[in-house]
Structure formats: structure tokens, C-alpha cells
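Start counting the sequence shown at 14; every next residue gets the next number (our numbering).
Let me begin by presenting the structure, written as C-alpha cells, before commenting on it.
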Amino acid sequence: FMIASLLTLTLMFADSKAATIHELAKQGPKAIPQLEVYLNEEDPPLRDEAVKAIAELGTSASLAPLIKATADKDADVQIHAIDGLVNFYLPGYIKTGLSGAVAKLGTSIKSRFAEVNDQVIDGYVQVRPDVIQAIGRVARDGASNDARALAARALGILRADSALPDLKEALTTKDSTVLYETLKAFEKIRDPKAAPYFSYLLKDMNDKVQSMAIETAGVLGSRDSLPTLREVLQFSRDAKIQRAALSAIGKIPDPSSRYLYDHYLNDKDPYLRGDAAEGYARLKDPNDLQKMERAYADEKKPVAKLGFAFAAVDLGRLDLGPDTPLSYLISQLKSKFYSGVSQGYLVELLRDQKVREAVYPALRDAKKEEKIQLAQIFGVSGQADTVKYLEVLEADPSGEVQNEANTAMRTLKSRIEH
Numbered sequence: 014f015m016i017a018s019l020l021t022l023t024l025m026f027a028d029s030k031a032a033t034i035h036e037l038a039k040q041g042p043k044a045i046p047q048l049e050v051y052l053n054e055e056d057p058p059l060r061d062e063a064v065k066a067i068a069e070l071g072t073s074a075s076l077a078p079l080i081k082a083t084a085d086k087d088a089d090v091q092i093h094a095i096d097g098l099v100n101f102y103l104p105g106y107i108k109t110g111l112s113g114a115v116a117k118l119g120t121s122i123k124s125r126f127a128e129v130n131d132q133v134i135d136g137y138v139q140v141r142p143d144v145i146q147a148i149g150r151v152a153r154d155g156a157s158n159d160a161r162a163l164a165a166r167a168l169g170i171l172r173a174d175s176a177l178p179d180l181k182e183a184l185t186t187k188d189s190t191v192l193y194e195t196l197k198a199f200e201k202i203r204d205p206k207a208a209p210y211f212s213y214l215l216k217d218m219n220d221k222v223q224s225m226a227i228e229t230a231g232v233l234g235s236r237d238s239l240p241t242l243r244e245v246l247q248f249s250r251d252a253k254i255q256r257a258a259l260s261a262i263g264k265i266p267d268p269s270s271r272y273l274y275d276h277y278l279n280d281k282d283p284y285l286r287g288d289a290a291e292g293y294a295r296l297k298d299p300n301d302l303q304k305m306e307r308a309y310a311d312e313k314k315p316v317a318k319l320g321f322a323f324a325a326v327d328l329g330r331l332d333l334g335p336d337t338p339l340s341y342l343i344s345q346l347k348s349k350f351y352s353g354v355s356q357g358y359l360v361e362l363l364r365d366q367k368v369r370e371a372v373y374p375a376l377r378d379a380k381k382e383e384k385i386q387l388a389q390i391f392g393v394s395g396q397a398d399t400v401k402y403l404e405v406l407e408a409d410p411s412g413e414v415q416n417e418a419n420t421a422m423r424t425l426k427s428r429i430e431h
């Protein structure tokens with residue numbers, strides 16, 4: 014009876030403290046010092062409540078206590094602290110991130126890792142080094158695999174190139190989720206130095222990890238990976254792995270890969286046809302242009318047609334007439350299914366001034382969705398010549414276009430001024 018009574022009192026006391034935390038949070042940022050005191054509680058759920066409250070406040074004053082909380086021994090506290098740190102640099106993440114989704118939907122964190130992970134901070138955003146260091150420590154040695162995986166994801170979102178040693182250490186695990194999120198972080202950070210860290214995963218037994226390793230090797234342009242990628246393409250019987258391998262090979266320009274593009278140019282799989290087209294494009298051989306134009310004209314499947322359009326533009330076809338390759342790429346920016354593919358191709362193409370100059374006139378008749386995505390592309394791939402066109406979009410009648418153009422302008426100026 015006495016033990017039961019003590020337990021009841023303890024729970025009541027904990028509930029009282031939790032209620033106090035919630036009341037303090039209503040006072041706003043000025044309550045952060047008082048909330049931080051609860052990070053020293055013995056009861057992990059109370060520390061977790063304090064962290065969530067501090068994270069929700071989302072001001073610069075939240076950063077120091079959240080950094081402190083990443084060193085907590087409880088995985089949930091670490092997870093919510095990381096969510097709060099990322100949320101400061103990517104507002105809204107705390108609602109859409111893993112822990113936010115778990116709280117809202119009651120699903121497990123593990124299941125949320127399966128969702129699309131394409132978030133990154135804008136190029137002009139600068140992250141404090143101590144934030145990167147704190148999250149890096151969790152990626153390397155977090156309280157659970159979920160915490161380590163979430164930390165790896167956060168480092169990718171924050172494009173934390175200084176955390177490459179921590180991410181390299183994170184690869185020592187056998188947990189497939191941590192491996193996958195670490196590989197995705199390498200892909201977002203885009204530092205070629207990371208490629209040797211994960212070369213052994215190009216043949217991993219887990220299809221998801223192997224596919225991510227292959228994709229990342231291609232994005233990083235890992236020439237040393239080419240022999241393994243060709244071997245995987247030749248011997249794999251998994252269509253998704255084959256597609257990933259040919260796509261990665263196509264991102265690493267090498268004339269010795271031409272025989273593969275010739276082989277898959279007319280494959281029954283439209284994804285492989287599109288991947289072959291990318292390979293031709295990046296070889297930069299103008300003699301391939303007519304072949305790509307014919308393939309573009311004959312192709313019926315959008316995923317392959319986009320690849321042939323990309324290749325034709327990259328090899329010099331820059332006119333904007335009806336159903337030309339460049340017009341097709343722009344029109345697909347408003348496609349429900351293929352806008353991401355088209356945007357990726359245009360991001361690469363518009364790094365070339367000749368292509369940018371060919372695209373600028375399209376703004377005159379572009380749809381709202383096209384303008385929004387072109388603004389994003391201009392921010393990532395534009396140069397000084399792009400500024401006046403973003404200024405036009407900043408004055409667009411659509412508020413959505415204006416907002417995207419404003420963000421793109423900040424990203425562009427940050428890039429060209431540094």
C-alpha cells in the first residue's frame with residue numbers, strides 16, 4: 014500500500030511539473046531560462062517535455078539549451094533536440110519532421126524514415142558550428158539507432174560539410190536506417206571526398222542501402238566507383254538497382270561507358286532509356302545530337318522523353334518552339350508526376366549561360382507553377398545575368414511567385430558574392 018501511495022504521489026508530482034512546463038511555454042522566449050532548468054530532471058519524460066517546449070519557441074535563445082539536450086542519455090530527448098535545432102534553420106520542420114509526424118499520427122519513428130527525404134536549407138542560410146558539432150556527436154554515438162539516423166538526416170538537411178568525419182563514423186553501424194540516412198546526407202552535402210567512405214556499400218545486401226549508395230556515388234561523381242557500378246549493372250536482376258546503376262554511371266562522364274548507353278538506348282524499360290540519354294548528354298559529343306533528337310521525337314514515355322530532351326538541350330538544341338526539347342522540359346515543371354525530374358535536369362542545364370539565355374524568354378508566357386520552379390532553379394544555377402529576371406519575378410502578380418523569387422534572389426546573391 015505504501016509503495017502504491019508513493020508511486021501515485023510521484024506520478025502526481027511529475028504531472029504537476031509537466032503542467033508547469035506547459036504553462037511556462039505559453040510565456041514565450043522569456044521563459045527559456047526557466048524551462049532549461051528542467052533539462053536537469055531525473056525523469057526522462059520531463060526532460061523531453063522541456064526540450065519540446067524550448068524547440069517549439071524556436072528563437073536563437075533556444076539553440077544553447079537544445080545543444081545541451083543533444084548530449085542527454087535519453088534517445089527521445091536527443092531526437093526532439095535535433096528536431097528543434099533543424100527547425101530554427103528550416104522553419105516548419107518540427108511539424109513535418111520525424112518526431113512531429115509521430116506525435117501527430119501516432120506512428121513509429123522507424124516507419125517515418127521510409128518517407129521522402131528531400132529537404133535542405135536555402136543556400137544563403139548559415140548554420141552555427143556548435144550546432145553542427147552537437148548533431149554530429151549524435152550521428153556518431155547517439156543513444157539509439159533512431160537518434161543516430163535522425164542526426165544523419167539533420168546533417169544532410171543542414172548541408173553540414175564540416176560533419177563529414179562524424180558521418181564517416183556513423184557508417185560503422187550495421188543498422189540499415191542509419192546507413193541509408195548517412196548516405197543521403199553525403200548526397201546532399203555533395204563533397205566528393207566522401208565517396209571512398211561508402212564504396213563497400215555499392216554491393217550491400219540491403220536493396221535500399223545499395224540503391225542509395227549507388228545514387229550517391231553518381232551524384233558525387235565518383236570515378237573510382239565506375240568498375241563496381243558497371244559490374245552491378247551487368248549482374249543485378251533487380252530493375253531498380255539496374256536503373257540506379259546506369260543513372261549513376263551516366264553522371265560520371267567517361268567515353269568508355271558509351272557502349273552501355275548504346276546498349277540501353279532502345280531498352281524496353283523507359284527508365285533505362287532515359288538513363289542512357291543522360292549518359293550521352295554528359296559525354297558532350299555534338300555528334301550525338303541528331304540521335305537524341307530522333308529519340309526525343311519518337312519517344313512516348315515521359316520519363317524517357319525527358320531524358321532525351323535533356324540530352325538534346327545539353328548537346329546544343331536551344332530553341333523554344335512548339336514541342337522542342339527545351340519547351341518540353343519547361344512545360345513538365347507543372348507536371349504532377351515529373352516536375353522533380355524536369356527541375357533536376359534544368360538545374361544542371363542552366364549552369365550554362367547559353368541555356369539560361371535561351372530560357373529567359375520563356376518567362377513571358379510561363380504558367381504560375383513554371384515561374385515558381387524556374388525561380389528556384391535560377392537561385393541554384395543562375396549567375397549575375399539572372400538577377401534582372403528574378404527582379405521581374407519579384408514583381409509578378411502572384412504572391413507565391415514573388416515569395417519564391419525573393420528567396421531565390423537571396424540564394425543567388427549569397428552564391429555569387431562568396
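Cβ coordinates follow ideal geometry from the N, Cα and C atoms, glycine included.
Check: CA-to-CA distance, Ala418 to Ile429, given in whole angstroms; Outcome: 16 Å
Check: Secondary structure, alpha helix (DSSP H): runs of 4+ residues fully inside the segment 248 to 291; Outcome: 252 to 263 and 271 to 277
Check: Between the CA atoms of Lys380 and Lys367 - distance to the nearest angstrom; Outcome: 23 Å
Check: Supposed contact pair Asp301 and Tyr293 - C-beta distance, whole angstroms, cut 8 Å; Outcome: 5 Å
Check: Contact the segment 217 to 227 vs the segment 249 to 263: 3+ CB pairs below 8 Å; Outcome: yes
Check: Alpha-carbon to alpha-carbon, Leu333 and Ile80; Outcome: 51 Å
Check: Selection from Pro410, Ser411 and Asp398 that minimises the alpha carbon distance to Met422; Outcome: Asp398
Check: Neighbourhood of Leu285 by C-beta distance below 8 Å, restricted to the same chain and skipping five residues each side; Outcome: Gln255, Arg256, Leu259 and Tyr277
Check: Three-state class that DSSP yields for Ala160 in the structure shown; Outcome: helix
Check: Spatial distance of Met15 from His93 (CA atoms); Outcome: Annotation note: pLDDT 46 at Met15 (below 50); position unreliable, coordinate value reported separately. About 36 Å.
Check: Cβ-Cβ distance between Asn130 and Lys187 below 8 Å; Outcome: no
Check: For Thr185, the nearest candidate out of Gly169, Ile170, Tyr213 and Ile202 (CA to CA); Outcome: Tyr213
Check: Alpha-carbon to alpha-carbon, Val316 and Asp336; Outcome: 16 Å
Check: Arg369, DSSP secondary structure in three states; Outcome: helix
Check: Burial state of Gly263, where buried means 16 or more other Cβ atoms lie within 10 Å; Outcome: buried
Check: Straight-line Cα distance separating Lys108 from Lys117; Outcome: Confidence is the limiting factor: at Lys117 the pLDDT is only 40, short of 50, which leaves the residue's position unreliable, though a coordinate-based value still follows. About 9 Å.
Check: Contact set for Leu24: own chain, Cβ-Cβ below 8 Å, skip 5 residues either direction; Outcome: Bear in mind that the predicted position of Leu24 carries a pLDDT of just 43, short of 50, making it too unreliable to give a figure here.
Check: Within 8 Å, strictly: CB atoms of Glu49 and Pro78; Outcome: yes
Check: CA-to-CA distance, Asp327 to Val360, given in whole angstroms; Outcome: 12 Å
Check: Assigned secondary structure, Val232 (DSSP; H/G/I helix, E/B strand, else coil); Outcome: helix
Check: Contact under 8 Å by Cβ, Ile95 with Ile170; Outcome: no
Check: Contacts around Leu215, its chain only, beta-carbon distance under 8 Å, and the 5 residues preceding and following it disregarded; Outcome: Gln223, Ala226, Ile227, Ala230, Ser238, Thr241, Leu242 and Val245
Check: Pair within 8 Å by beta-carbon distance, Gln247 and Ala160; Outcome: no
Check: Enclosing alpha helix (DSSP H) for Val191 [first to last residue]; Outcome: Ser189 to Ile202
Check: Nonlocal neighbours in the same chain, by C-beta distance under 7 Å from Leu31, ignoring five residues either side; Outcome: Residue identity check: residue 31 is Ala in the sequence provided, not Leu. Contacts found: Leu59 and Glu62.
Check: Beta-carbon separation (whole angstroms), Glu69 vs Ala38, contact threshold 8 Å; Outcome: 7 Å
Check: Burial state of Lys349 (16 or more Cβ within 10 Å); Outcome: exposed
Check: Ser348 (DSSP reduced to helix, strand or coil); Outcome: coil
Check: Span separating the alpha-carbon of Glu404 from that of Lys297; Outcome: 33 Å
Check: C-beta contact flag for Tyr102 and Val138 at 8 Å; Outcome: yes
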